[in-house]
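Engineer: Numbering (full-length UniProt numbering), first residue to last: 1 to 986. No residue lacks a Cβ here, since even glycine has one placed at the ideal position from N, Cα and C. In this text the structure is predicted, and so the values were computed from the model without any measurement. The structure's right below; bear with me while I get my questions together.
Structure follows, in structure tokens:
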């Protein structure tokens, strides 16, 4: 691995050197005439300076850009012509004529000031939109030093919740757009990068992103048909423009968790359990957590010469996690090339490759695994009287207190769980103007990734000592896409018409191989799987295709009345003939008023839309019977024989989950467009949910996947954008967004009113002894994410009946049975974010504050260290020092406690978090350096919350799950991070 890294870094250095030489050579311009130095300032019509304006010697590639004060300097022939340009302003020319000072005032261009956004298979002016679309520009997050695109999106758009479920390096990030639509299916939004569908945000370099558009309502997402139910995120990467330039952005960061939980000290734990404290004991939180470090280096070269534009970048991320033996690395290269071949033909090529290495992230703390070791729960529950190693230098693997756990530090350090993902994204697009009004665009896309997982547990899974185990798996995923887009547009007087037609096909292939060694007879690693006592090998292959037709018609009258209609037909091989094709229509309209109320309101647009979108939330071959191998049967009553069993039960009638959504809203601008406000109200119903329907016992039992359920989501969204101050030396903008969402289960399987989801972990005394059988309930008439359990009433006091003094007390009926019901909800109802950007002279300041409210967190971490099953040696939580005693009759149980899902461990998850605080300073530059910026920032600087765990945002629930609620089962907390960085442009 080290050798591979050195090779990569060596190549990267050579690559950067080549780009630097290329730019320097590109900037050489020989003149036969007298060369003079021209200086000046670029401003707008109000006298405001324009930093970053382009100054180009006409007919050449010799150019410069204005600095942060609008000043520029360029060496040109004395008789040359300078071309001044700036986004949103009209291009102007000025003759040098031996002048050494030229100040220029650029005029606003009303046609270009109206922001153009990507809407899928085309673009539109922001003022022409009829659907609910949020746009996030790179300028919105450039002052937030992050290397994950999801982090850049967090808090930037209403109706979009970005949850960092885990602070572990390389972990998945959950994104929800207007709530969850599916119980069993994937709830993550569709990602489209430069027109290629199904890409992964995780691997993309943030500095490569030019803009992101979030399509939220069905009138906007219906163009993606069967894959638009969860919303769509359109990512556009940067292109080359202007003179050749190199940009370097490098930062380093240190991270740590914001707090340690209150755990019994070694002396307290030893006194309670009559154990000696050896060598002063050990604070296992200190041994498990550490200071993490991140290094990020980004280099890019961009420019445009004649008819060729280019943007080339390289990125290296190296991150060590805040827990021991956890790391993440990412290497990436991008090349975006554009060529105008003729007046009618343009060609674009995008190439992006990345390699991600996630190291030593053991699954402890995962909601899908009962294994508590190597994770936070094991660390908190481990015997603090023992040192990590004994006097002989060997690990103290087990504890005399009978906790049933193995030393978590030993397992963490003596195990490896390495994951590698190599990705290649390629996109070739051709645009040909058949006539002045008719354009054909052809897009060819390739998404390829292969992943390798290698796991070796020197101290393997389980609660008893056993031999090491090992496993390895690999998968190859290939997606091929061809999109053919025909667009016709024309204007007749005040009537503007645009029609788009699409034929598209995607092909998916997945191959996989898995090998599990079982227990090793001698110490080994994942390269010695053949040494296992019971090796298991499996392989898999799946293929599917989807081909689509889409038509979209757009009409506007005099930039006032807007109408849009779309129909998409998707045919998927995942379903049987007769159910393979789904039709997804949408329509929207808007009416725009301009300069009303005596000009006080510059713009008021009223919008309404309706659409239907789908979700093919099944794996290939789910409509067929499948067989499972590796099943053993005692056919002769004693010895077992290898055989097969029935896996999936066929249902040939399976079809799409369908979401029908309505949206109304308005957009208003006033105070010379310095204040812009948008509001949306939406209703959406998802029908034909894919749920398991139990089969009667006389048929053999089991369950069959069927289209039977229905979910409703509804809510409000508000966006406020303001320019609070705008002068030559001081600028202040503030953006606020707020979202509210509430769901309701409308129906479940036939004849079934509720579904109880399985509890987490086991039911032994050492695990979670759970008498309710579930912790989340789905019930008709209730919202998603309902916590189900008992009401905790404290402890039985001396003289009370129904239980022994000091035991946990729960609400019961007259017959002594637990009264079970809804005790909380784990899905947030309210989210908001406030983003402030201030520029004062050469300084800039960015503050991002987020709030999440109206939800509960099930703190299973606290439950696991609060005497589950009544086992005193499993009580390590600090509150146990204040447990019930005859002299101190508190509400903290001291004996006989049977852990149940109850209000005792249900806590408010509401929080307000300072997500980003960044300060930057821009140095004066010269003709060789376009920009220099030093910056310092802090992420997650403070969090206001009543939650007792590490982090109310961290969750053990997977990113794709929709029905489950916020659960902290040893979830890795997000860290507090301090960053120092430098940006240079030349």
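From residue 412 to residue 604, what distance separates their C-alpha atoms?
Structural biologist: Rounded to the nearest angstrom, the two C-alpha atoms are 59 Å apart.
Engineer: Taking all protein chains shown into account, do 16 or more other C-beta atoms lie within 10 angstroms of the C-beta of residue 806, making it buried, or fewer, making it exposed?
Structural biologist: Its Cβ being crowded by 16 or more others within 10 Å, residue 806 is buried.
Engineer: Using a threshold of 8 Å, state whether the C-beta atoms of residue 237 and residue 315 are closer than that.
Structural biologist: No. Outside cutoff.
Engineer: Between residue 973 and the rest of its own chain, which residues show a CB-CB distance below 6 Å, the 5 nearest in sequence each way excluded?
Structural biologist: Cβ within range, chain order: 167, 257, 950, 951, 954.
Engineer: I'd like to know whether the C-beta atoms of residue 849 and residue 776 end up nearer to each other than 8 Å.
Structural biologist: The answer is no: Cβ separation not under 8 Å.
Engineer: Run the CB neighbour count on residue 671, radius 10 Å, all protein chains shown included, and call it buried at 16 or more, exposed below.
Structural biologist: Classification for residue 671: exposed.
Engineer: For a test of the three-state rule: what should DSSP assign to residue 784, helix, strand or coil?
Structural biologist: Three-state result, residue 784: coil.
Engineer: Based on the DSSP output, what are the partners of residue 939 in its beta bridges?
Structural biologist: Looking at the DSSP assignment, residue 939 forms a beta bridge with 916, 977.
Engineer: For the segment 216-300, list the alpha helix (DSSP H) runs that are entirely contained and at least 4 residues long, ordered along the chain.
Structural biologist: As far as the segment 216-300 is concerned, its whole alpha helix (DSSP H) runs of at least 4 residues are 218-221, 266-273, 284-288.
Engineer: How should residue 414 be labelled, buried or exposed, when 16 other C-beta atoms within 10 angstroms of its C-beta is the threshold for buried?
Structural biologist: By the neighbour-count rule (16 or more Cβ atoms within 10 Å), residue 414 is buried.
Engineer: When the Cβ atoms of the segment 232-250 are set against those of the segment 590-609, are three or more pairs found closer than 8 Å?
Structural biologist: No: fewer than three Cβ pairs fall under 8 Å.
Engineer: Specify the secondary structure class of residue 75 as computed by DSSP and reduced to three states.
Structural biologist: Note: residue 75 maps to strand in three-state DSSP.
Engineer: In three-state terms, what does DSSP make of residue 826?
Structural biologist: Coil at residue 826, not helix or strand.
Engineer: Give the straight-line distance between the Cα atoms of residue 761 and residue 451, rounded to the nearest whole angstrom.
Structural biologist: In this predicted model, residue 761 has a pLDDT of only 39, less than 50, meaning its place in the structure is not dependable enough to derive any value.
Engineer: Suppose the cutoff is 6 Å on Cβ atoms and the five residues either side in sequence are ignored; what does the same chain contact list for residue 265 look like?
Structural biologist: Taken in chain order, the list of residues that qualify is empty.
Engineer: Count the other C-beta atoms from every protein chain shown that fall within 10 angstroms of the C-beta of residue 982, then say buried if there are 16 or more, exposed otherwise.
Structural biologist: With fewer than 16 Cβ atoms within 10 Å of its Cβ, residue 982 is classed as exposed.
Engineer: Touch check for the segment 480-500 and the segment 524-543: three-plus C-beta pairs under 8 Å?
Structural biologist: Short answer: they don't touch.
Engineer: Could you check what DSSP says for residue 929 in three-state terms: helix, strand or coil?
Structural biologist: In the structure shown, residue 929 sits in coil (DSSP, three-state: anything other than H, G, I, E or B).
Engineer: Measuring only the C-alpha atoms, how far is residue 772 from residue 868?
Structural biologist: Low per-residue confidence applies at residue 772: pLDDT is 46, beneath 50, and the placement is therefore not dependable, though the value from the model is reported in the following sentence. Spanning the two alpha carbons is a distance of roughly 15 Å.
Engineer: Do residue 609 and residue 663 have their C-beta atoms within less than 8 Å of each other?
Structural biologist: Yes. Within cutoff.
Engineer: Between which residues of its own chain and residue 366 is the CB-CB distance below 7 Å, once the five residues before and five after are set aside?
Structural biologist: Confidence at residue 366 is low in this model, with a pLDDT of 40, below 50, so the placement of that residue is unreliable and no value is reported for it.
Engineer: Please report the distance separating the alpha-carbon of residue 122 from that of residue 135.
Structural biologist: Their Cα atoms are separated by approximately 15 Å.
Engineer: Within 10 Å of its beta-carbon, does residue 140 have 16 or more other beta-carbons around it, so buried, or fewer, so exposed?
Structural biologist: Residue 140 is buried by the Cβ-count criterion.
Engineer: Determine the extent of the beta strand (DSSP E) in which residue 755 is found, giving its start and end residues.
Structural biologist: Run containing residue 755: 754-757, per the beta strand (DSSP E) assignment.
Engineer: Once you ignore the five residues that flank residue 199 on each side, which residues in its own chain have a CB closer than 8 Å to its CB?
Structural biologist: Hits under 8 Å: 191, 192, 193, 235, 425, 447.
Engineer: Determine whether the beta carbon atoms of residue 582 and residue 567 lie at a separation below 8 Å.
Structural biologist: No. Outside cutoff.
Engineer: Which residues mark the beginning and the end of the alpha helix (DSSP H) in which residue 379 is found?
Structural biologist: Residue 379 -> alpha helix (DSSP H) spans 376-381.
Engineer: Mind checking who residue 680 pairs with in its DSSP beta bridge?
Structural biologist: Note: residue 680 sits in a beta bridge opposite 665, 717.
Engineer: Would you check if the segment 876-885 and the segment 906-922 touch, i.e. whether three or more CB-CB distances between them fall below 8 Å?
Structural biologist: Contact fails: fewer than three Cβ-Cβ distances are below 8 Å.
Engineer: Using the Cα positions of residue 661 and residue 715, report the straight-line distance between them to the nearest angstrom.
Structural biologist: Computed Cα separation, rounded: 12 Å.
Engineer: Using the rule of at least 16 other Cβ atoms within 10 Å of the residue's Cβ for burial, across every protein chain shown, is residue 13 buried or exposed?
Structural biologist: In this prediction, residue 13 has a pLDDT of 47, which is less than 50 and means its spatial position is unreliable; what the coordinates show is noted afterwards. By the 10 Å Cβ count, residue 13 comes out exposed.
Engineer: Under the assumption that residue 215 contacts residue 120 (Cβ atoms under 8 Å), give the Cβ distance between them as a whole number of angstroms.
Structural biologist: Yes, residue 215 and residue 120 are in contact; Cβ-Cβ is about 7 Å, under 8 Å.
Engineer: Can you tell which of 719, 713, 690, 410 has its C-alpha closest to the C-alpha of residue 706?
Structural biologist: Comparing Cα positions, the closest option is 690.
Engineer: Along the chain, which unbroken stretches of the alpha helix (DSSP H) at least 4 residues long are found entirely within the segment 94-171?
Structural biologist: As far as the segment 94-171 is concerned, its whole alpha helix (DSSP H) runs of at least 4 residues are 110-113, 138-141, 149-153.
Engineer: Out of 476, 548, 457, state which residue places its alpha-carbon closest to the alpha-carbon of residue 501.
Structural biologist: Considering only alpha carbons, the answer is 548.
Engineer: Please name the residue in 34, 64, 60, 58 whose C-alpha comes closest to that of residue 40.
Structural biologist: Cα-wise, what sits closest to residue 40 is 64.
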